[in-house]
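Peer 1: I have a structure I would like to understand better, so I am pasting it below and will then ask my questions one at a time.
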């Protein structure tokens, strides 16, 4: 008997298969329990698809400089707080409850070797569907992603002692303060890290407002949002008072080039750039910049400027991004050094 295939019969077969699939899904027979795991063929196919997708998108969209060269402490702090429970860390086992997921999070001391820097950047920034791997929790913070790429790249060779040195500061008894000191240092000076601000000498009100802004998402930082999310109002006040009382900013006199001094004191009228001191002088509701770490100021200004290939209309119109874009590129470092002072 010969069955003649026609367009009508082909369409009917496709519709029938679709209806059968919907009926199977509706029946609830398919077991979605994580405890049941995947069939081997399913596991292979999903990982094969994921690797192909990461390879393609990373090649097209990841930056050519996906890894930072310095500033590992903040990345290590975020990893300890948010990633180690699933992936483990040098000298630290992952939590068994996290490893019971389907699929379980990989051991990065092994898995990191299998990816390029651009691919790690793409995974960290965008996450991976159906795996529990989230995308980066802050918009337009590629600088944080780059530092995490550098940290993950070092995990295969990192010793437990090195990991502890990056994430812990000995001698701090208060648990909340110790958590903050892991990145900011017991003295609030940022452990010499170029991406960490000096907190000492800032007003308690400003530091408290900053914690509230990070916790609410008004200010963008995956590192700080994670740190501030679980703080109570009373804890925010206590931490702000503690670090503000330390010596640091305020006793430094800006010094440097005359061009930088003009931007600080007068601004640049021709590009509608206001004077830095009009907002950032002592007594203002904004952070004091005199005595702040030059590398931190320069990094933040460049991050606010955004991708130079994107037109201004598509960038953030918030106050500091707009101001940062009006500062001439060749004046960012001189201005940062001037504000840092002596």
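In this note's numbering, the protein residues as written are 1494 to 1835. Backbone N, C-alpha and C fix where the C-beta goes; we use that ideal spot for every residue, glycine too.
Between residue 1584 and chain B, is any beta-carbon pair separated by less than 8 Å?
Peer 2: Among the protein chains of the structure shown there is no chain B, as only one such chain exists.
Peer 1: Where do the ends of the alpha helix (DSSP H) carrying residue 1613 lie?
Peer 2: Per DSSP, residue 1613 belongs to the alpha helix (DSSP H) from 1610 to 1619.
Peer 1: Between residue 1761 and the rest of its own chain, which residues show a CB-CB distance below 6 Å, the 5 nearest in sequence each way excluded?
Peer 2: Nothing listed; no residue qualifies.
Peer 1: Beta-carbon within less than 6 Å of residue 1625's beta-carbon, same chain only, minus the 5 sequence neighbours each way: which residues are those?
Peer 2: Closer than 6 Å at the Cβ level, and outside the excluded window around residue 1625, lie 1594.
Peer 1: Taking Cβ positions, are residue 1829 and residue 1787 nearer each other than 8 Å?
Peer 2: Yes, the pair counts as a contact, with Cβ atoms nearer than the cut-off.
Peer 1: Using the Cα positions of residue 1640 and residue 1561, report the straight-line distance between them to the nearest angstrom.
Peer 2: Spanning the two alpha carbons is a distance of roughly 5 Å.
Peer 1: Quick check on residue 1626: does DSSP put it in helix, strand or coil?
Peer 2: Strand at residue 1626.
Peer 1: Rounded to the nearest angstrom, what separates residue 1606 and residue 1650 at their Cα positions?
Peer 2: If I take the Cα positions, the gap works out to 10 Å.
Peer 1: Answer with buried or exposed for residue 1794, where buried requires no fewer than 16 other C-beta atoms within 10 angstroms of its C-beta.
Peer 2: The residue in question, residue 1794, is buried, as its Cβ has 16 or more Cβ neighbours within 10 Å.
Peer 1: Tell me whether residue 1542 is buried or exposed, calling it buried when 16 or more other Cβ atoms sit within 10 Å of its Cβ.
Peer 2: So residue 1542 ends up on the exposed side.
Peer 1: Where do the ends of the alpha helix (DSSP H) carrying residue 1831 lie?
Peer 2: Counting along the chain, the alpha helix (DSSP H) containing residue 1831 begins and ends at 1825 to 1833.
Peer 1: Roughly how many angstroms separate the alpha carbons of residue 1772 and residue 1695, rounded to a whole number?
Peer 2: Distance between the alpha carbons of residue 1772 and residue 1695 is about 14 Å.
Peer 1: Using CA coordinates, which residue listed in 1749, 1717, 1655, 1661 is at the minimum distance from residue 1688?
Peer 2: Residue 1688 has its Cα closest to that of 1717, out of 1749, 1717, 1655, 1661.
Peer 1: Identify every run of the beta strand (DSSP E) within the stretch 1724 to 1777, keeping only runs that are complete inside it and at least 3 residues long; order them along the chain.
Peer 2: Counting only runs of 3 or more, we get nothing.
Peer 1: Which one of 1700, 1826, 1663, 1636 has the shortest CA to CA distance from residue 1777?
Peer 2: The option with the nearest alpha carbon to residue 1777 is 1700.
Peer 1: Among 1736, 1735, 1747, 1820, whose alpha-carbon lies nearest the alpha-carbon of residue 1767?
Peer 2: Of the candidates 1736, 1735, 1747, 1820, the one whose C-alpha sits nearest the C-alpha of residue 1767 is 1820.
Peer 1: Which residues does DSSP list as the beta-bridge partners of residue 1585?
Peer 2: Note: residue 1585 sits in a beta bridge opposite 1582.
Peer 1: Following the continuous alpha helix (DSSP H) through residue 1785, name the residue where it begins and the one where it ends.
Peer 2: Segment: none, residue 1785 is in no alpha helix (DSSP H) and carries neither H nor E.
Peer 1: Compute the Euclidean distance between the alpha carbons of residue 1814 and residue 1702, then round it to the nearest angstrom.
Peer 2: Computed Cα separation, rounded: 19 Å.
Peer 1: Measuring straight from C-alpha to C-alpha, what distance separates residue 1805 and residue 1826?
Peer 2: Whole-angstrom Cα-Cα distance: 22 Å.
Peer 1: Is the stretch 1546 to 1556 in contact with the stretch 1578 to 1586, if contact means three or more CB pairs nearer than 8 Å?
Peer 2: As far as the Cβ criterion goes, the stretch 1546 to 1556 does not touch the stretch 1578 to 1586, which means the pair count is below three.
Peer 1: Please name the residue, chosen from 1547, 1509, 1627, 1670, that lies closest to residue 1613 on a Cα-to-Cα basis.
Peer 2: Closest by alpha carbon: 1547.
Peer 1: For residue 1676 and residue 1567, I'd like the C-alpha separation in whole angstroms.
Peer 2: Taking the straight line from one Cα to the other gives about 6 Å.
Peer 1: Skipping 5 residues on each side, what residues in its chain have a beta carbon closer than 7 Å to that of residue 1663?
Peer 2: Taken in chain order, the list of residues that qualify is empty.
Peer 1: Pop quiz: residue 1748 and residue 1693 are said to be a contact at Cβ under 8 Å. What is the actual Cβ separation, rounded to whole angstroms?
Peer 2: Not really, about 20 Å apart at Cβ, beyond 8 Å.
Peer 1: Quick one: using the 10 Å Cβ neighbour count with 16 as the cut-off for buried, is residue 1637 buried or exposed?
Peer 2: Buried, by the Cβ-count rule.
Peer 1: Thinking just about the alpha-carbon of each residue, which of 1532, 1569, 1691 is nearest to the one in residue 1782?
Peer 2: It is 1691.
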